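Its first residue numbered 8, the sequence shown is counted upward by one per residue in my numbering. We put the beta carbon where it would ideally sit given N, CA and C, even for glycine. As the structure is a prediction and not an experimental result, all values here were calculated from the model. Data first, discussion second: the structure below is written as structure tokens.
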Amino acid sequence: MEDYYQSSTWSDAENRFNFSDQIGRDSSFVIPWTIQVDGVAEDKTSTVYNSHRQAEKRRRDRINAQLSALRKLIPMSDKMDKAALLKGAVEQVKDLKRKAAEISKASNIPTEMDEVTVDWVLPEDISPNNTRQVMGSSRDKIFIRASVCCDDQPQVFTELIKVLKGLRLNTIKADISSVGGRMKSNLILCCNSVDEEGFSPTTLKQSLNVVLSRIASPSDASNARIRSKRQRLFLLSQFTQ
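Spelled out as structure tokens, the structure:
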């Protein structure tokens, strides 16, 4: 019995040795459980952590650099926190955009884009010299500021004069410039037909905007005369009833 036990123990040890030896020699042998290797998992985790930490540091450095550059553009921003700094930057951009729009509106230099603007204007916004040219009180008159920017073509002024006559608008002030084949005309117009029956200031403004847009953006030069004839018919149908 004792000999059988010793033989069985020796056989088990030999089988385990042969099993381990087979694993080492056969690379295709798959073990159904994970073999822990001391130090490998810890090193991999440490490497991933350091990589993420360095990436986060670079991101924060970029943000701080941009904030430092932004502080140089915003006045009195040395003691502002990040939220106040961003709010100040937004307000600064809005203010610059408003000033740029005002300068563009006041400028009489033509741009590369065809554009038409028609706005109401108060009498006090017109220079005193021009206001005195308007007959009588301004209470029964409507003043309009119109701007046209388009290609400099011979028929532009002819059609523009016809439009103003058709709408019964008097020109109080006109600033016209032409540069590089482009022209821009800023006009201050006055309408004396306020008391006429059926008069609509909104219709007047819309009609002026429509006909000026047709002048500024013609489909081609060959049908300019046809458009002019249609404009006259449009004006007659709107304001000669």
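- Per DSSP, reduced to three states, the secondary structure at Glu122 is strand.
- Rounded to the nearest whole angstrom, the CA to CA distance from Val186 to Ser192 is 12 Å.
- Here Cys197 is near Ile179, since their CB atoms are less than 8 Å apart.
- Below 8 Å, too few C-beta pairs join the segment 105 to 121 and the segment 88 to 97 to call them touching: fewer than three.
- Annotation for Ser214: the continuous alpha helix (DSSP H) segment containing it runs Pro208 to Ala223.
- Taking a C-beta distance under 8 Å as the contact criterion, Val170 and Leu211 do not qualify as a contact pair.
- Cβ-Cβ distances below 7 Å link Val128 to Phe150, Ile151, Arg152 and Ile195 in the same chain, with the five nearest sequence neighbours on each side left out; the list follows chain order.
- Between the alpha carbons of Arg66 and Leu74 lies a gap of roughly 12 Å.
- Following the DSSP letters along the chain, one finds Ile168 inside the alpha helix (DSSP H) bounded by residues Gln162 to Gly173.
- Residue range Arg189 to Cys198 is occupied by the beta strand (DSSP E) that includes Lys191.
- A Cβ-Cβ contact shorter than 8 Å links Asn115 with Asp182.
- Sixteen is the threshold: since fewer than 16 other Cβ atoms of the shown chains lie within 10 Å of the Cβ of Leu103, the residue is exposed.
- The three-state secondary structure of Leu103, taken from DSSP, is helix.
- Counting only residues of its own chain and dropping the five nearest sequence neighbours on each side, Phe164 has no CB closer than 6 Å to any other CB.
- Within the same chain, and ignoring the five residues on either side of Asp126 in sequence, the residues whose Cβ sits closer than 6 Å to its Cβ are Arg152.
- Bounds of the beta strand (DSSP E) holding Ile179 are Leu176 to Val186.
- For Gln99, the CB contacts under 8 Å within the same chain, skipping 5 residues up- and downstream, are Leu80 and Ile81 in chain order.
- The shortest C-alpha to C-alpha distance from Lys172 to any of Leu215, Met190, Gln162 and Phe206 is the one to Leu215.
- It is roughly 50 Å from the alpha-carbon of Asn57 to the alpha-carbon of Ala108.
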